[in-house]
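Visitor: Numbers given in our numbering equal positions in the sequence shown, counted from 1, plus 942.
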Amino acid sequence: MGVVGAVALLTSLAIPSASAQVIDAAPLIDATPGWAKPEAKVGQADAGQRRRVQIALQLRDKRGAEALAKAVSTPGSAQHGKYLSPGQFVERFGPAQATVDKVSTWLRSKGLAVKDVTSNRHFISVEASNGQLEAAFGTSLSSYKRKAKDGREHILVAPERALTLPRELAGVVTAVVGIDDNAKTVTPNQVSMRAVPGRPGRPLTAAAPGQECAPHWGAVNNTAVPQMHPAGQQSNDICGYNASQIRAIYGLTAANTGAGQHIAITGAYNLPSLVSDTDRAGRTYGWPALTAGQYTAKVAPTFDSENECGGVESWHAEQALDVQAIRAFSPAAKITYYGAQSCFELYSGLNQAVADNTASVVTNSWLFEYEADIPASDREQVDAIALQAAIQGQAVLFCSGDQGDNSRINGRPEASWPAIHPWVTAVGGTTVALGGDNKLKFTAGWQHSGFTQNGNQWAAQQDSDGRFAGGAGGGVSMRYPAPDYQKNVVPTSISQGRRAMPDISAIADALTGMGIGHTRPDGVYELYPSGGTSLASPVMAALVANAQQTQGVARFGFLNPAIYKLKGNAAITDVTPVKAGIWAPYMIQWRNVDVPTQANSYLVNVDDKPQTLVSATGWDNVTGIGTPASNGAFLTALGK
943 MGVVGAVALL TSLAIPSASA QVIDAAPLID ATPGWAKPEA KVGQADAGQR
993 RRVQIALQLR DKRGAEALAK AVSTPGSAQH GKYLSPGQFV ERFGPAQATV
1043 DKVSTWLRSK GLAVKDVTSN RHFISVEASN GQLEAAFGTS LSSYKRKAKD
1093 GREHILVAPE RALTLPRELA GVVTAVVGID DNAKTVTPNQ VSMRAVPGRP
1143 GRPLTAAAPG QECAPHWGAV NNTAVPQMHP AGQQSNDICG YNASQIRAIY
1193 GLTAANTGAG QHIAITGAYN LPSLVSDTDR AGRTYGWPAL TAGQYTAKVA
1243 PTFDSENECG GVESWHAEQA LDVQAIRAFS PAAKITYYGA QSCFELYSGL
1293 NQAVADNTAS VVTNSWLFEY EADIPASDRE QVDAIALQAA IQGQAVLFCS
1343 GDQGDNSRIN GRPEASWPAI HPWVTAVGGT TVALGGDNKL KFTAGWQHSG
1393 FTQNGNQWAA QQDSDGRFAG GAGGGVSMRY PAPDYQKNVV PTSISQGRRA
1443 MPDISAIADA LTGMGIGHTR PDGVYELYPS GGTSLASPVM AALVANAQQT
1493 QGVARFGFLN PAIYKLKGNA AITDVTPVKA GIWAPYMIQW RNVDVPTQAN
1543 SYLVNVDDKP QTLVSATGWD NVTGIGTPAS NGAFLTALGK
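1. Check whether the Cβ atoms of residue 1431 and residue 1567 lie closer than 8 Å to each other.
2. Give me the DSSP bridge partner(s) of residue 1306.
3. Figure out for me which residue from 1007, 1032, 1226 has the closest Cα to the Cα of residue 1460.
4. Tell me which residues share the same chain as residue 1056 and place their Cβ nearer than 7 Å to its Cβ, disregarding the 5 neighbours each side in the sequence.
5. To the nearest angstrom, report how far apart residue 1551 and residue 1448 are at their CA atoms.
6. Could you have a look at residue 1390 and say whether DSSP puts it in helix, strand or coil?
7. Output yes or no for whether 8 Å exceeds the beta carbon distance between residue 1488 and residue 1194.
8. Report yes or no: do the segment 1299 to 1319 and the segment 1424 to 1442 share at least 3 C-beta pairs separated by less than 8 Å?
9. Report yes if the CB atom of residue 1189 is closer than 8 Å to the CB atom of residue 1245, and no otherwise.
10. When DSSP builds the beta bridges, which residues end up paired with residue 1443?
11. Taking only the alpha-carbon atoms, compute the straight-line gap between residue 1108 and residue 1287 and give it to the nearest angstrom.
12. From residue 1570 to residue 1510, what distance separates their C-alpha atoms?
13. Less than 8 Å between CB atoms is the rule here; does residue 1384 satisfy it with respect to chain B?
14. Is it buried or exposed, residue 1396, if we count other Cβ atoms within 10 angstroms and call 16 or more buried?
15. If you count every other CB in all the chains shown that lies within 10 Å of the CB of residue 1233, and 16 or more means buried, which is it?
16. Within its chain, find whatever has a CB closer than 8 Å to the CB of residue 1141; leave out the 5 residues flanking it on each side and keep chain order.
17. Label residue 1209 either buried or exposed according to how many other C-beta atoms from any shown protein chain fall within 10 Å of its C-beta, with 16 as the threshold for buried.
18. Let's see if you can read the secondary structure: which residues bound the alpha helix (DSSP H) around residue 1111?
19. Could you tell me whether the segment 1234 to 1242 touches the segment 1273 to 1284, where touching means 3 or more Cβ pairs closer than 8 Å?
20. Ignore the nearest five residues each way along the sequence and tell me which others in residue 1086's own chain have a CB closer than 8 Å to its CB.
21. Report the option in 1352, 1198, 1035, 1293 whose CA atom is closest to the CA atom of residue 1577.
22. Can you tell me whether residue 1398 is buried or exposed? The criterion is at least 16 other CB atoms within 10 Å of its CB, across all chains shown.
23. Would the beta-carbon of residue 1349 fall within 8 Å of that of residue 1309?
24. Return the first residue and the last residue of the alpha helix (DSSP H) that residue 1333 is part of.
25. Between 1311, 1327, 1181, 1162, which lies nearest to residue 1174 when the distance is taken from Cα to Cα?
26. Taking residue 1203 as the reference, give the member of 1536, 1493, 1165, 1558 with the closest Cα.
27. So is the beta-carbon of residue 1227 under 7 Å away from any non-hydrogen atom of the ligand GDP?
28. Please classify residue 1427 as buried or exposed, where buried requires at least 16 neighbouring CB atoms within 10 angstroms.
29. To test your reading of the DSSP string, which unbroken alpha helix (DSSP H) runs of 4 or more residues are found completely within the segment 1497 to 1563?
30. Please report the residue range of the alpha helix (DSSP H) in which residue 1479 lies.
31. Just how far apart, CA to CA, sit residue 1009 and residue 1110?
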């Protein structure tokens, strides 16, 4: 699975002279992002700019770690559920302290300031200037022009050639994470119908009669606009399902609280008003106030690069959504939020959640849109972190994305990262129509086609995305072979023998989303419906926690082998296309999706294949094997 094979522990690392390093140097694993092409180069990077980077160290016996992870994660295996503690993992597979010390000594000899070492010895954090990094790793840092998701061009820094190390160190150092600006392409995935500066958003009240949002499916249907669908199949957008409604979608009872469970969330930065906002929103939407010690935020003392990666406010909104989704589904569960110092250190936050091992489930609602852009060095980090999580019995979930097949920028369908990694669970998205009796009208794959009213007709939107107006991510890996758990489930006509995603799905469409609340930087507190697969991931994490509570299991571990065993089980609803439409006065501005921005009369059709993705009978590239059924059986069937 990984690019670098298993290596033996280095028991003796002599620090060579500077001249020896030049003569006897070895290339590191490839650290060049896919966008750093020679034709995109525009100049050299500022040598004086300082960076905080993570020097990643290789696992010992990586092949052995992969074999153990598979054994403890596979129901029916003799080793299933026999997890290691973090200390046992480090003793067996982690870098030795002597190795950490000798790598640190070399780093200091090159003028790099060593700041700290993670408890599992995976990362050594270092601060240095671009010039110092160039000298230490024998490369040149250059500036490249890259077209971003919003269509604008950005200037990003990356190594012009492979990094090098003394040969004595090349076997244990797998990457210098953060030496490039690839992290600037990562985004949180929370999107909503909220008001934002320059756009009034979707009012929850005071709309003209017939134009209000609907408290449940069909409660309000704007009959003044053309009815593309039969009665009951067209509705105004949902105001935001409350806790009672969203729990009913999955058949939860009052006993399903996540008691005794612990869920981790990773992100960047920290919303100062998170606790008060969550409790305030709970008074509106129906979850209890946080109790003392129930929520913990492990965040850096200071933050940097707050204007990068979508801006700090987008990360605040994501944090609020993640915590409040878990509160609605698992109100008794403990929550730990790992807020990285910046969007450049998200792998560090994920690594800390795994190294701490206090949470049995880790949810991640951030992504890079294009797997092809990810250098081998980044892939190696998720290899190591996800393997440790699996061996410790932790489930790691990632959102599948909100830009469908990601074809807008690169011109080809492409899976998002890290959701496509074979050792994580990729959570896709659904559109959910819940009636006034808290019964499901339908569940569909979340793939929207946009229409604008033109007199008495609906005109399909034709922009750079065609009629695509947002939808869950999915697709086939360009790099990973099909894992065993997907064989005989994912059709080879789709996978072509490679890893495919998503694995499972949950509610994601913001037009049928969940109500949340949080305070903006200007001090304004908002209530609004929210969604994206960044909602689906914490929802699934909470459902897994509830399943563990129900079965009296401390942790299920890596979920995918157990998930794929549920194909065809009554605990899973097989999602297929539904003919239905949702009216709204605004199109949702999903990142990297081109839709009209002004107020008007709009209709989105549900799951009618606006791109290459669509739900289907059996496994599909929008919902995976399907979604947890409304009968609540998922809680008793998972892991059996």
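We put the beta carbon where it would ideally sit given N, CA and C, even for glycine.
Guide: According to the data block:
1. Position 489 of the sequence shown, counting from 1, holds the residue named residue 1431. Position 625 of the sequence shown, counting from 1, holds the residue named residue 1567. In contact: residue 1431 and residue 1567 (Cβ atoms closer than 8 Å).
2. Looking up residue 1306 in the sequence shown gives position 364. According to DSSP, which records beta bridges pairwise, residue 1306 is partnered with 1208, 1340.
3. The residue given as residue 1460 occupies position 518 in the sequence shown. Residue 1226 is the option with its Cα nearest to residue 1460.
4. Within the sequence shown, the letter at position 114 stands for residue 1056. 1046, 1049, 1050, 1066, 1068.
5. Looking up residue 1551 in the sequence shown gives position 609. Looking up residue 1448 in the sequence shown gives position 506. Their Cα atoms are separated by approximately 19 Å.
6. The residue labelled residue 1390 in the question sits at position 448 within the sequence shown. Here DSSP, grouped into helix, strand and coil, assigns residue 1390 to strand.
7. Taking the sequence shown and counting its residues from 1, the one referred to as residue 1488 is at position 546. Taking the sequence shown and counting its residues from 1, the one referred to as residue 1194 is at position 252. Yes, these two residues count as a Cβ contact at 8 Å.
8. The segment 1299 to 1319 makes no contact with the segment 1424 to 1442, as fewer than three CB pairs between them are under 8 Å.
9. Here residue 1189 refers to the residue found at position 247 when the sequence shown is read from its first residue. Here residue 1245 refers to the residue found at position 303 when the sequence shown is read from its first residue. With respect to residue 1245, residue 1189 sits apart: the two C-beta atoms are not nearer than 8 Å.
10. Along the sequence shown, read from residue 1 onward, the residue named residue 1443 stands at position 501. Paired residue(s): 1417.
11. As a working mapping, residue 1108 is identified with position 166 in the sequence shown. As a working mapping, residue 1287 is identified with position 345 in the sequence shown. If you take the alpha carbons of residue 1108 and residue 1287, they lie about 26 Å apart.
12. Numbered from its first residue, the sequence shown carries residue 1570 at position 628. Numbered from its first residue, the sequence shown carries residue 1510 at position 568. Roughly 12 Å separates the two Cα atoms.
13. As a matter of chain content, chain B is missing from the structure shown, which is built from one protein chain.
14. Locating residue 1396 in the sequence shown gives position 454, counting from the first residue. For residue 1396, the number of other beta carbons within 10 angstroms of its own is below 16, and it is reported as exposed.
15. Here residue 1233 corresponds to residue number 291 of the sequence shown, with the count starting at 1. Around the beta carbon of residue 1233, a 10 Å sphere encloses fewer than 16 other beta carbons of the protein chains shown; the residue is thus reported as exposed.
16. Taking the first residue of the sequence shown as position 1, residue 1141 is located at position 199. In this predicted model, residue 1141 has a pLDDT of only 44, less than 50, meaning its place in the structure is not dependable; the value taken from the coordinates is given anyway. Non-local C-beta neighbours of residue 1141 in its own chain, meaning closer than 8 Å and more than five positions away in sequence, comprise 1528, 1531, 1539, ordered along the chain.
17. Taking the first residue of the sequence shown as position 1, residue 1209 is located at position 267. Around the Cβ of residue 1209, a 10 Å sphere holds 16 or more other Cβ atoms; the residue is buried.
18. By 1-based counting over the sequence shown, the position of residue 1111 is 169. Start and end: 1109 to 1112.
19. Taking one beta carbon from each stretch, the segment 1234 to 1242 and the segment 1273 to 1284 have 3 or more pairs nearer than 8 Å; the two touch.
20. Taking the first residue of the sequence shown as position 1, residue 1086 is located at position 144. Excluding positions up to five away in sequence, the list reads 977, 978, 979, 982, 983, 984, 1097, 1098, 1099, 1100.
21. Reading the sequence shown from its first residue, position 635 is the one you call residue 1577. Ranked by how close their Cα comes to the Cα of residue 1577, the residues 1352, 1198, 1035, 1293 have 1198 in first place.
22. The residue given as residue 1398 occupies position 456 in the sequence shown. So residue 1398 counts as exposed.
23. Sequence index remark: in the sequence shown, residue 1349 carries index 407 (1-based). Sequence index remark: in the sequence shown, residue 1309 carries index 367 (1-based). No Cβ-Cβ contact shorter than 8 Å links residue 1349 with residue 1309.
24. Position 391 of the sequence shown, counted from the first residue, corresponds to residue 1333. 1318 to 1334 is the extent of the alpha helix (DSSP H) around residue 1333.
25. Position 232 of the sequence shown, counted from the start, is the residue given in the question as residue 1174. Closest option to residue 1174, judged by alpha-carbon separation, among 1311, 1327, 1181, 1162: 1162.
26. On the sequence shown, residue 1203 is found 261 positions in, with the first residue counted as 1. The option with the nearest alpha carbon to residue 1203 is 1493.
27. With respect to small molecules bound, the structure shown includes none, and the ligand GDP cannot be examined in it.
28. Numbered from 1 along the sequence shown, position 485 holds the residue referred to as residue 1427. Counting C-beta atoms within 10 angstroms of its own C-beta, residue 1427 has 16 or more neighbours from the protein chains shown and is therefore classed as buried.
29. As far as the segment 1497 to 1563 is concerned, its whole alpha helix (DSSP H) runs of at least 4 residues are 1502 to 1506.
30. Within the sequence shown, numbered from 1, the residue matching residue 1479 stands at position 537. For residue 1479, the enclosing alpha helix (DSSP H) begins and ends at 1475 to 1493.
31. Here residue 1009 corresponds to residue number 67 of the sequence shown, with the count starting at 1. Here residue 1110 corresponds to residue number 168 of the sequence shown, with the count starting at 1. One C-alpha to the other measures close to 27 Å.
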